[in-house]
Amino acid sequence: MKRISSALISVFHKDRLDEIVQLLSDLNITIYSTGGTYDFIKKMDIPAHTVESLTSYPSILGGRVKTLHPKVFGGILGRRDNESDINHFKEYEIPEIDLVIVDLYPFEQTVLSTGNEQEIIEKIDIGGISLIRAAAKNYKDVLIVPSFDQYDDLISLLKEKNGSSTIEDRKKFATQAFQVSSHYDISIFNYFNQEKEDVFKQSIAQSTVLRYGENPHQKGIYYGKLEDVFEQLHGKAISYNNLGDLDAAINLINEFDETTFAILKHNNACGIACRERLIDAWKDALAGDPISAFGGVLITNKVVDEETAGEINKLFFEIILAPGYDPKALEVIKTKKNRIILRKKLYDFPAKQFRSILNGVIEQDRDLKMEDNSDLKVVTKSSPSEYEQTDLFFANKIVKHTKSNTIVLAKNKQLCASGVGQTSRVDALKQAIIKAGEFGFDLNGAVLASDAFFPFADSVEIAQKAGISAVIQPGGSVRDQESIDFCDAHNVSMVFTGYRHFKH
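Our numbering numbers the first residue of the sequence shown as 419 and each following residue consecutively.
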């Protein structure tokens with residue numbers, strides 16, 4: 419157990435600082451502090467020393483240099499069991515500093531709030547990050563508190579151990595310190611490295627331990643701030659698989675502006691519809707596959723009303739995500755204890771995606787492309803009707819967010835069926851046609867969307883026989899003309915977009 423005799427405080431956040439300072443004073447711990455922190459302490463009428471009084475140098479260069487001095491860093495880095503270091507303490511009148519409390523300039527927050535480069539650069543902390551590394555390096559003798567997030571832990575430690583700490587305590591805080599410093603440096607690096615792609619560095623400072631991973635025998639952790647994306651209003655803890663479904667659901671629903679309801683299972687839509695009234699969108703989404711909807715994830719882009727909630731409540735489902743809920747609607751869907759109810763927030767997802775693979779990481783641009791009229795190239799003699807074109811765009815949005823190989827069949831802005839994750843496009847189409855038939859859909863006049871080109875004409879032949887009247891696909895096969903010729907011979911319209919939407 420090591421007693422704290424002196425502390426250096428240089429912080430940005432002042433929340434709970436008064437409690438810490440009062441504790442240090444009550445424990446007769448000498449306090450050194452910088453600028454605004456010193457002024458804060460003096461207002462509390464608690465004795466403190468300025469860093470300038472220790473170094474005999476003022477804060478210079480507009481505050482850029484305050485603590486970078488041998489008397490400060492010597493007091494932190496000096497080894498208490500090293501005779502040479504102890505002699506230097508005496509020779510140069512360096513006080514031993516046993517506790518360092520730092521809160522870095524808010525670099526990440528500044529980057530998010532402004533595009534002013536000079537303002538961002540000034541938020542790159544130099545003295546603070548150096549104090550953190552020095553104190554963490556010498557954890558055998560020094561306790562480091564590297565951010566506001568550790569204030570609670572420090573307060574508990576000071577109270578429980580009466581101003582002392584163990585080597586285990588100091589090593590724990592040092593570990594947190596190196597996490598803070600490395601995260602800070604990676605944030606700065608990524609700000610400067612926006613145009614280069616030769617190095618991959620990411621750091622996420624918040625984590626949530628999940629019940630388990632993809633399966634119960636696997637451990638699972640989520641790194642990130644879920645509260646930025648949604649607010650949980652009710653239900654059990656979110657699982658690893660839930661998060662995958664939620665990611666897929668949000669990316670899908672964000673493609674739609676009109677009133678839309680979607681039901682997802684294993685990252686794929688099993689039902690989705692656009693209607694003027696939310697309750698109708700729900701009923702037609704459910705009709706797409708009422709069997710797969712059991713235990714699914716529900717998402718809509720409109721506030722859930724009481725009438726719709728009453729219909730939804732008839733189904734067993736795991737999660738519902740919406741931008742809001744009428745009070746009475748919330749009462750209805752809260753009747754199941756474990757049902758997860760989430761309120762979706764507005765959030766801009768990163769432009770890059772990455773995942774671990776083999777012994778490394780792959781990164782790509784997020785697929786933000788969604789085709790419009792300017793992208794469509796009619797390649798057949800007949801053009802899609804206005805109604806068909808509306809359905810083609812609807813189906814294309816769904817196919818973009820469905821596992822490849824995939825085919826989506828839609829009619830009247832309702833998903834009739836999809837073939838999902840098949841090893842051949844023909845199999846995906848056959849699966850979709852069979853499924854549509856099982857749930858009573860008439861495919862005459864329906865449209866087809868494909869995530870990639872047709873390598874042969876067999877897909878359009880099968881689709882036409884099932885009643886499909888219009889097709890949207892990227893095009894690009896060396897045998898495109900065969901598909902075009904078949905469509906022309908059987909009065910099927912087809913458009914190319916020039917954009918493939920694989921999803922694996």
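Yeah, the Cβ is synthetic: ideal placement off N, Cα and C, and Gly gets one too.
Straight-line Cα distance separating N534 from I825: 46 Å
Say whether the segment 775 to 793 touches the segment 829 to 845, bearing in mind that this needs 3 or more beta-carbon pairs closer than 8 Å, one atom from each stretch. Because the criterion of three Cβ pairs below 8 Å is not met, the segment 775 to 793 and the segment 829 to 845 do not touch.
For V617, name the three-state secondary structure that DSSP assigns. coil
Candidates K460, I758, Y450 and Y523, of which the one nearest S605 by Cα: Y523
Since F904 and V865 are thought to touch, with beta carbons under 8 Å apart, how far apart are those beta carbons, to the nearest angstrom? So it is not a contact: roughly 16 Å between Cβ atoms.
In terms of DSSP beta bridges, what is M912 paired with? Bridge partners of M912 according to DSSP: V889.
May I have the straight-line CA-CA distance separating K762 from F648, to the nearest angstrom? 4 Å
Less than 7 Å between the beta carbons of N719 and I681, yes or no? Cβ distance not < 7 Å, so N719 and I681 don't count as in contact.
Select from A711, H922, Y640 and A699 the residue whose C-alpha is nearest the C-alpha of S386. Here the chain covers residues 419 to 922 and nothing more, so residue 386 does not appear.
Tell me the DSSP bridge mates of F679? For F679, which the question treats as bridged, DSSP gives the partners A691 and T718.
Is the number of C-beta pairs between the segment 700 to 719 and the segment 673 to 688 that are closer than 8 Å three or more? These segments touch.
Supposed close pair K369, I512 - CB separation, criterion 8 Å: Within the shown structure, residues of the chain are numbered from 419 to 922, placing residue 369 beyond reach of any answer.
Are the segment 741 to 750 and the segment 892 to 899 in contact at 8 Å, needing three or more beta carbon pairs? no
Three or more beta-carbon pairs under 8 Å between the segment 492 to 512 and the segment 551 to 564, yes or no? yes
Using CA coordinates, which residue listed in Q612, S474 and N500 is at the minimum distance from K558? N500
Determine, using beta carbons only, whether A711 and G728 come nearer to each other than 7 Å. no
Local conformation of S657 per DSSP, three classes: coil
Of the residues H487, R757, P802 and I539, which one's Cα is nearest the Cα of S887? P802
For K746, name the three-state secondary structure that DSSP assigns. DSSP places K746 in the helix class (H, G or I) of the three-state scheme.
For A870 and P892, believed in contact at Cβ under 8 Å, the rounded distance: 6 Å
The beta strand (DSSP E) spanning T626 covers which residue range? For T626, the uninterrupted beta strand (DSSP E) run begins and ends at S625 to V627, by DSSP.
Residue nearest to T798 in terms of C-alpha spacing, selected from L664, D675 and S911: S911
Three-way DSSP call (helix, strand, coil) for Q840 in this model: coil
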